[in-house]
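**Student:**
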Amino acid sequence: MRRILAVIVSVVVLIALGAAPGSEAAKRGGTLKVGMEGNIPHMDGTIALGTPIKFYRETMGAGLLLLDENYKIVPDLAKRWEVSDEGRVITFYLHEGGTFHDGTPLDAAAVKWNIDLINGRVVPAWLKKARQKNPKLKFRSSYRLYLYQIKKVEVVDKYTVRVHQADVGKAQTLPALAGYFTRLVLVSPTAYDKAGDKFKKHPIYGGPFKLVDYKPKRHVIIERHKGYFHKDRPYLDRIEVYYMPDANQRLNALRSGQIDVILNVPKGLVKTLKRTKGVKLYQGKSATTFAFPINNQRGPWKDIRVRKALVCYGVNRKLIVRTALRGLTVPWVTFSAPGSSDAIDLSAKCPFDPAKAKKLLAEAGFGPSKPFKFVMTINNTDPTFVEIAQVMKTTYASLGVKMDIRVVDRATWVNLFVRKRVTDMSLQDTVPVLDTNSNSHTFFSKTFLDYYMMKDKKLDAMLEEWRSTMAPEKRKAISHKMQTYMFDNMYYAALAGSPYIQATKDYVKGWKFLNKLVFDMKDVWLDK
Amino acid sequence: MRTYAIRRLLLLVPTLLGITLIVFLAMQAIPGDPVEVYLGSFYDEATARSIRAEYGLDQPILVQYVQWLGRLVQGNWGKEVLSGDSVILRISERLMVSAELIIGAMIVALIIAIPAGILSATRPYTASDYTAMTGAMMGVSIPEFFGGILLVLLFSLQLGWFPVQGYRPWSDGAWMHLSHMALPTFTLGFTRAAILTRLVRSSMLEIISQDYIKTARSKGAAEFFVITNHALKNALIPVVTVMGLQVGFLVGGTIVIETVFSIPGLGQYGISAIASRDYPAVMGFILISSSVFVLTNLIVDLTYALLDPKIRYD
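Protein sequences, first through last, are from chains W and D.
According to my numbering, the first sequence holds residues 73 to 600 in order.
According to my numbering, the second sequence holds residues 17 to 330 in order.
(1) Please list the terminal residues of the continuous alpha helix (DSSP H) segment that includes S114 of chain D.
(2) Give the single residue among D:E222, D:L212 and D:A238 whose Cα lies nearest to the Cα of V156 of chain D.
(3) Using a Cβ-Cβ cut-off of 8 Å (strictly less than) and excluding sequence neighbours within five positions of P47 of chain D, which residues of its own chain qualify?
(4) Check whether chain D comes within 7 Å of M525 of chain W, counting only Cβ atoms and requiring the distance to be less than that.
(5) Reducing DSSP to helix, strand and coil, say where S540 of chain W ends up.
(6) Quick one: what does DSSP say L175 of chain D is sitting in, helix, strand or coil?
(7) Between V228 of chain W and chain D, is any beta-carbon pair separated by less than 7 Å?
(8) L506 of chain W and P247 of chain W - do their beta-carbons sit closer together than 7 Å?
(9) What does DSSP give as the partner residue(s) for F164 of chain W in the beta ladder?
(10) Taking Cβ-Cβ distances below 8 Å as the criterion, which residues of the segment 283-315 of chain W are in contact with chain C?
(11) Classify Q574 of chain W as helix, strand or coil using the three-state DSSP reduction.
(12) Residues of chain W with CB closer than 7 Å to the CB of V156 of chain D, please, in chain order.
(13) Under three-state DSSP, which class holds N368 of chain W?
(14) With 7 Å set as the bound, which would you pick, yes or no: does the beta-carbon of I165 of chain D sit closer than that to a beta-carbon of chain W?
(15) My output table needs one value for I22 of chain D: the three-state DSSP class, helix, strand or coil.
(16) Can you tell me where the alpha helix (DSSP H) holding T123 of chain W begins and where it ends?
(17) Taking the beta strand (DSSP E) that K346 of chain W falls in, what are its first and last residues?
(18) Measure the C-alpha to C-alpha separation of K546 of chain W and E158 of chain W and round it to an integer number of angstroms.
(19) Going by DSSP, what residues sit across from F591 of chain W in a beta bridge?
(20) Under 8 Å Cβ-Cβ, which residues of chain D neighbour D269 of chain W?
(21) Measure the beta-carbon distance from R217 of chain D to S136 of chain D and round it to whole angstroms, keeping in mind my assumption that it falls under 8 Å.
(22) Who are the near neighbours of V97 of chain D in its chain, counting only those whose CB is closer than 6 Å to its CB and skipping five residues on each side?
(23) Looking at the C-beta of G115 of chain D, does it have a partner C-beta in chain W at a distance below 7 Å?
(24) Tell me where the beta strand (DSSP E) around R296 of chain W begins and ends.
(25) Which residues of chain D have a Cβ atom closer than 8 Å to the Cβ of F520 of chain W, listed in chain order?
(26) Check whether the Cβ of K352 of chain W lies closer than 7 Å to any Cβ atom in chain D.
(27) Here's the rule: buried if 16 or more other CB atoms are within 10 angstroms of the residue's CB, otherwise exposed. What is D324 of chain D?
(28) With distances taken Cα to Cα, identify the nearest neighbour of I366 of chain W among W:Y524, W:L104 and W:L531.
(29) Where does the unbroken beta strand (DSSP E) through A568 of chain W begin, and where does it stop?
(30) With 7 Å as the threshold, decide whether the Cβ of L105 of chain D is near any Cβ in chain W.
(31) Within 6 Å: the Cβ of I77 of chain D and any heavy atom of the ligand PLP?
(32) Give the residues from the segment 197-227 of chain W that approach chain D closer than 7 Å (Cβ to any Cβ), ordered along the chain.
(33) In terms of DSSP beta bridges, what is P68 of chain W paired with?
(34) Apart from the five residues just before and just after A469 of chain W, which ones in its own chain have a Cβ nearer than 8 Å to its Cβ?
(35) Starting from the Cα of S172 of chain D, find the closest Cα among W:G582, W:I222, W:R327 and W:Y218 and give me that residue.
(36) If we define contact as Cβ-Cβ less than 7 Å, is L173 of chain D a contact residue for chain W?
Okay, structure coming up:
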């Protein structure tokens with residue numbers, strides 16, 4: 073009798089454990105439907121062109137490394153890695169038996185080919201052919217920005233690959249491979265070599281999902297890849313991504329069950345979604361910042377007193393966070409975002425202090441008889457920009473500063489802000505930042521992309537020191553020193569964290585919220 | 017009438033040449049080019065120069081225009097800069113979607129406007145007249161995007177009859193296709209119905225006070241016959257004019273509805289081409305929308321002769 077009772081109790085306990093929320097068994101199959109606000113003109117993932125293409129590239133692709141939800145570097149195709157020779161050599165041991173979507177092997181040779189392509193040591197056949205027509209034709213992968221230090225890639229055996237690196241830059245390889253905005257996703261050498269144009273329409277990666285149908289401005293349909301190196305993943309059979317430019321329609325589609333996920337919930341709709349039954353919101357500490365970048369080399373902005381007045385004391389960050397940003401984030405003044413791994417909060421040093429701002433402006437020669445005038449140029453891609461600009465205009469007016477707002481479309485904005493660099497001030501929702509180095513091309517004067525125009529050799533030296541330092545704690549200290557230096561000079565005009573929120577139906581399980589740094593859908597499953 | 021039609025068709029050539037030249041020059045005058053959009057915040061001069069050379073964007077403006085014209089004459093509308101897709105292929109796909117939306121909207125508009133306008137005109141200052149005119153006023157006053165959202169709230173979220181948004185081709189099944197097109201078509205049609213109802217009413221009011229209508233009635237003709245055969249036919253001339261203009265405008269003007277309901281139509285294509293400075297796509301869009309506009313007006317002019325035998329073009 074006791075034995076029977078013990079068996080019954082054990083069974084009951086096991087059933088109860090099985091039903092506990094944390095131990096749900098993942099179900100295989102099903103189709104996940106996603107609402108996407110942005111369209112992509114093509115699907116070539118060798119050039120990073122914004123969040124939508126990053127989502128497709130990373131959902132379909134595999135890289136060497138990944139981030140987990142705590143921003144710890146974890147395996148992807150590389151099941152483990154070893155760092156030697158003071159960081160100059162990294163050996164990656166790859167998962168075996170995986171294939172690209174075209175059936176070709178996903179092995180050490182493919183990894184070598186990809187890294188050599190990025191660094192210009194491999195020229196694909198289509199490019200050679202195109203160069204016969206136009207010898208000036210260049211191929212520059214945006215991945216090179218953070219992987220240029222890899223000087224040689226050695227295939228040790230079929231599933232072991234070793235990279236040899238220069239001293240400067242060796243420290244950024246692992247984070248860049250795992251979670252920078254330009255995180256490496258491997259392409260099939262066979263497919264990419266043959267046809268660049270065809271690849272643009274039908275990319276061949278080696279990740280958990282493969283492309284089935286891509287109709288620009290309509291949908292992207294992807295399905296489980298049977299040759300994926302994790303044999304028990306992904307759980308989903310299929311993901312359908314629908315282009316939905318209108319925010320309200322994305323919201324309504326989620327509420328009606330037409331879609332299961334909104335990848336980027338507009339700030340104005342968060343309140344409504346919080347009240348909606350059956351919907352789960354994901355938000356963490358933001359890995360991106362809202363910035364109002366100034367051109368540090370332009371006219372009066374060269375004067376640190378002007379920068380301190382208008383970037384630090386003259387901006388009511390708390391008011392902007394409360395109004396335009398709906399209280400969804402925190403005021404912020406440094407380069408790395410509040411959720412970045414090396415964030416440093418110096419916002420207390422920059423209180424809204426109109427008297428101090430006026431005094432600094434007066435010292436710089438601006439006052440009632442000679443008011444400071446400038447134009448803020450913003451693009452029309454995010455309604456929040458206009459709201460923030462209006463608040464700033466009113467605040468600046470109280471200091472006697474005349475700010476005009478010029479709203480332009482994105483093409484004009486890129487032309488004025490990025491290419492010609494002729495704007496006084498702008499507004500920008502930056503790319504996600506894992507650490508200070510991960511978006512440093514915007515201020516490192518040795519690149520051609522330093523549109524923040526800091527042009528400071530001391531800062532460049534600090535950055536190179538960061539890129540050469542292997543110990544994470546030492547690197548963090550350098551990063552804090554660098555951010556404090558930028559703050560002291562008021563080079564970088566951060567405003568607040570940028571709230572990034574995702575919403576799913578409550579039956580979507582295994583969802584990883586990684587702040588746009590990485591999109592990883594292989595563990596997602598549907599409990600319905 | 018045939019000579020007139022041919023003359024009008026020939027006039028189409030210089031008209032389109034003028035339009036495309038102006039648009040081409042205007043596109044070059046505004047800041048930004050497709051390469052800047054393509055590279056975005058990763059823009060660097062060396063890569064940009066290389067891409068510009070690849071697409072011939074480094075040539076002088078007039079050379080680019082003449083090259084484009086040269087290709088066009090050979091039936092080659094060019095390729096989109098950003099995606100490399102054939103412009104004519106993309107436009108023809110989207111034109112079909114927009115044409116269906118516009119024709120559907122016009123049918124909805126006529127189904128509502130003609131009976132409502134007649135009812136309103138034949139029973140002026142009665143409850144039915146006030147109801148029709150209030151409905152028309154609402155249709156004119158409510159912006160399309162707002163009307164669309166209201167319809168979605170009612171028919172999709174509350175009643176669950178139609179999907180919230182999206183487009184499905186006929187190949188996915190007739191019901192699937194029609195259910196996706198129903199709300200956008202009705203939203204677009206309702207606004208046009210409001211404009212046409214007011215027009216039918218005022219036109220009918222003028223016609224039914226004419227002597228020949230009184231004559232028809234005094235001859236003992238049935239009221240239904242008088243209204244449909246004598247009054248309506250003559251009242252339709254201004255309606256046809258406005259309808260023609262509406263169709264022309266709608267080819268590029270469906271952008272709001274296409275955005276709200278995520279319909280991959282021509283309006284959406286044009287706006288996105290302009291925003292990304294994709295010159296071949298913009299030129300293709302302008303060429304097709306202006307051709308449709310001019311041709312629709314020609315058809316409207318020819319229809320006058322059918323509606324009113326007094327009008328002749330010889």
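All residues carry an ideal CB built from backbone N, CA and C; glycine is no exception.
**Tutor:** According to the structure shown:
(1) V103 to T138
(2) D:L212
(3) none
(4) no
(5) helix
(6) coil
(7) no
(8) yes
(9) W:W153 and W:V233
(10) Looking for chain C here will not work: the only protein chains present are W and D.
(11) strand
(12) Within 7 Å Cβ-Cβ: nothing; V156 of chain D doesn't reach chain W, min ~23 Å.
(13) coil
(14) yes
(15) helix
(16) T123 to M132
(17) Where K346 of chain W is concerned, there is no enclosing beta strand (DSSP E), although the alpha helix (DSSP H) it sits in stretches over V342 to R347.
(18) 14 Å
(19) Answer by DSSP bridge pairing: none, since F591 of chain W is not bridged.
(20) G100
(21) 4 Å
(22) P50, Y71 and D294
(23) According to the sequence as given, residue 115 of chain D is Ala; it is not Gly. No, because no Cβ of chain W sits closer than 7 Å to the Cβ of A115 of chain D.
(24) H291 to R296
(25) D60, E61 and A62
(26) no
(27) exposed
(28) W:Y524
(29) A566 to G569
(30) no
(31) Annotation note on the ligand PLP: not contained in the displayed structure, which lists no ligands.
(32) N206, K208, L209, K210, R212 and S214
(33) Residue numbering for chain W in the displayed model covers 73 to 600; residue 68 of chain W lies beyond these limits and cannot be assessed.
(34) M475
(35) W:R327
(36) yes
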